[in-house]
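Read the structure below first, then the notes.
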DNA sequence: AAACGCGTCTCATGATGCGGGACACAAGAT
DNA sequence: ATCTTGTGTCCCGCATCATGAGACGCGTTT
């Protein structure tokens with residue numbers, strides 16, 4: 202994938218993972234040649250890796266079309282990690298925030314050069330569970346950059362800052378300044394920088410080590426999130442973030458009819 | 202993992218996946234040497250694989266303890282596959298069944314030699330999201346065996362049928378007969394075969410190809426699920442299963458405040 | 001019919017992953 | 001204090017393993 206650090210010792214593994222990573226952007230079902238194209242591997246290699254992944258349940262192959270999709274092991278380990286993070290407990294809180302603000306609410310984590318929305322409540326193509334958003338042009342991303350853990354705060358590692366709209370911050374210096382502002386004010390704003398007529402406000406969510414692990418965002422139009430009401434939205438978002446922090450900290454506790 | 206088919210061409214990948222698989226049974230955080238022990242790999246290899254997985258976000262390493270846990274890519278792809286399967290839409294239905302029957306409800310998928318609970322609403326150690334249950338000693342497992350897809354119906358591949366209680370079916374012939382009965386009646390029963398004083402009833406959930414993809418179970422004590430009421434529970438479970446089938450088939454449709 | 005695209009498999013080659021071993025560090029045990 | 005045991009980390013030569021060209025059969029398109 203990235204031509205970076207890890208020099209040797211793991212080529213096959215990296216390639217296998219990049220096969221899995223295809224499903225992030227590609228549709229839910231990909232053919233063997235799709236995989237070969239997307240990963241830029243030879244068909245033999247892609248095919249062999251896919252078979253290996255199938256044999257361990259990380260992919261599964263449709264009997265009729267012989268196309269691949271993410272397999273039960275992926276769902277299993279994903280659910281496991283979702284629960285180990287305690288994320289199943291936060292959904293009700295997010296719904297409450299969505300209703301209180303009449304906005305779309307997303308919870309995201311950083312994964313490499315992207316903010317990944319783990320729980321999201323919208324159908325619009327820029328929000329919703331599973332989506333990967335750029336770090337420099339979204340409120341979620343700015344929050345995750347502003348309090349990035351040591352080793353991940355390098356803006357140069359983001360590569361060229363692609364413009365999504367004419368308001369997108371494309372100059373690294375401007376981005377640095379913006380991120381400094383986010384750190385000062387405690388929240389990030391995206392005012393039409395990733396798509397026209399959409400305004401997003403995001404705040405950090407801390408883990409037990411007091412490090413920013415997730416970002417919480419409310420999205421709506423500038424008519425709803427007006428300049429005058431930004432403070433109000435920030436307050437609500439932060440209150441929700443604090444509630445999430447408590448939920449994520451607290452030990453396991455479920456009832457029989459809980460299905461978050 | 203299994204010493205089966207795939208002869209060559211994928212050793213590194215299989216090993217990397219078996220590193221990930223450690224987290225199924227092990228705790229949420231494992232040290233490098235834990236991984237080496239569980240995978241039966243040399244410490245060098247386990248370490249190198251773990252590093253590779255970290256570099257791609259499939260694992261993450263705690264800065265303080267240098268132990269590993271499942272990483273954001275795992276959560277991301279897991280959530281993606283969870284949504285691609287449409288599973289986020291079924292939780293309310295499961296909750297309703299749980300309330301209607303005053304029982305614990307679990308939805309499971311087959312993964313190799315296990316039934317994996319993808320959504321479960323209980324704290325008891327035999328139920329709940331993420332758990333792996335044997336196929337031969339659970340109602341969920343019997344359902345998944347009874348309508349196994351071609352290539353997975355071989356009971357011999359299950360290995361020795363380990364006894365959980367004195368009622369567990371350990372003879373392959375008995376299991377074959379039991380499975381035949383499940384096919385005939387349309388539901389499976391587990392009456393203290395995996396743990397004393399627990400009775401479970403499971404029914405199949407079909408996908409769009411009319412194949413059994415999931416199993417749905419209600420669990421309680423024999424005092425609740427009495428012999429006389431088994432039919433009633435089966436009916437309710439099947440009704441819920443049908444509702445799930447419709448939900449899983451229907452195209453994407455969410456509202457802003459949905460947080461399944 | 002011919003030309004494509006696709007999924008699948010084989011096989012010789014050498015690049016790649018392997019693990020013994022070394023080192024540093026920490027926490028008990030003697 | 002010194003030894004012991006368990007860690008996490010990294011190097012580096014050897015040979016095992018992954019690699020990709022190519023072949024084959026099968027549909028669909030031209």
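Protein chains in written order, with the working numbering: chain A, 202 to 461; chain B, 202 to 461. Virtual Cβ for every residue (Gly too), placed ideally from N, Cα, C. Being a predicted model, the structure only gives us computed values, none of them experimental.
Residue i Cβ short of 6 Å to the ligand ADP heavy atom set
i, result
"residue 411 of chain A", "The ligand ADP is not part of the structure shown, which contains no ligands of any sort."
Outcome for residue i when other beta-carbon atoms lying within 10 angstroms are tallied against a minimum of 16
i, result
"residue 212 of chain B", "exposed"
"residue 385 of chain B", "exposed"
"residue 352 of chain B", "exposed"
"residue 279 of chain B", "buried"
"residue 374 of chain A", "exposed"
"residue 463 of chain B", "Given that chain B is displayed from residue 202 to residue 461, the structure contains no residue 463 of chain B and the question cannot be resolved."
"residue 254 of chain A", "buried"
"residue 342 of chain A", "buried"
"residue 464 of chain B", "The requested residue 464 of chain B does not occur in the structure, where chain B is confined to residues 202 to 461."
"residue 331 of chain A", "buried"
"residue 447 of chain B", "exposed"
"residue 300 of chain A", "exposed"
"residue 354 of chain A", "exposed"
"residue 275 of chain B", "buried"
"residue 257 of chain B", "buried"
Chain A contact for residue i (CB, 7 Å cutoff)
i, result
"residue 244 of chain B", "no"
"residue 396 of chain B", "no"
"residue 421 of chain B", "no"
"residue 330 of chain B", "yes"
"residue 229 of chain B", "yes"
"residue 317 of chain B", "yes"
"residue 287 of chain B", "no"
"residue 258 of chain B", "yes"
"residue 214 of chain B", "yes"
"residue 284 of chain B", "yes"
CB contact check: residue i to chain B, cutoff 7 Å
i, result
"residue 204 of chain A", "Because residue 204 of chain A carries a pLDDT of 35, less than 50, the predicted location of this residue cannot be relied on, and the following value inherits that uncertainty. It does not: the Cβ of residue 204 of chain A has no partner Cβ on chain B nearer than 7 Å."
"residue 262 of chain A", "no"
"residue 436 of chain A", "no"
"residue 232 of chain A", "no"
"residue 445 of chain A", "no"
"residue 535 of chain A", "Shown here, chain A extends from 202 to 461; a query on residue 535 of chain A therefore has no answer."
"residue 217 of chain A", "yes"
"residue 427 of chain A", "no"
Chain B residues whose Cβ lies nearer than 9 Å to that of residue i
i, result
"residue 310 of chain A", "273, 276 and 277"
"residue 342 of chain A", "Simply none; closest approach about 14 Å."
"residue 281 of chain A", "224, 225, 229, 271, 275, 279, 330 and 331"
Rounded distance between the beta-carbons of residue j and residue i, thought under 8 Å
i, j, result
"residue 404 of chain B", "residue 439 of chain B", "5 Å"
"residue 322 of chain B", "residue 306 of chain B", "6 Å"
"residue 449 of chain B", "residue 344 of chain B", "Contact doesn't hold; Cβ gap of about 16 Å is too wide."
"residue 268 of chain A", "residue 230 of chain A", "4 Å"
"residue 236 of chain A", "residue 222 of chain A", "With 8 Å as the limit, residue 236 of chain A and residue 222 of chain A do not qualify as a contact, their Cβ atoms being about 10 Å apart."
"residue 303 of chain A", "residue 425 of chain A", "6 Å"
Listed by chain order, chain B residues near residue i by CB distance under 8 Å
i, result
"residue 210 of chain A", "249 and 253"
"residue 358 of chain A", "Residues of chain B passing the Cβ test: none, with the nearest at roughly 13 Å."
Local conformation of residue i per DSSP, three classes
i, result
"residue 358 of chain A", "helix"
"residue 306 of chain B", "strand"
"residue 319 of chain B", "strand"
"residue 396 of chain A", "coil"
"residue 401 of chain B", "strand"
"residue 291 of chain A", "coil"
"residue 335 of chain B", "strand"
"residue 232 of chain A", "coil"
"residue 267 of chain A", "coil"
"residue 416 of chain A", "strand"
"residue 407 of chain B", "strand"
"residue 241 of chain B", "coil"
"residue 451 of chain B", "coil"
"residue 462 of chain B", "No answer is possible for residue 462 of chain B: it lies beyond the span of chain B, which begins at 202 and ends at 461."
"residue 286 of chain A", "coil"
"residue 261 of chain B", "strand"
"residue 213 of chain B", "helix"
"residue 311 of chain A", "strand"
Interface residues of chain A facing residue i [CB-CB closer than 7 Å]
i, result
"residue 221 of chain B", "278"
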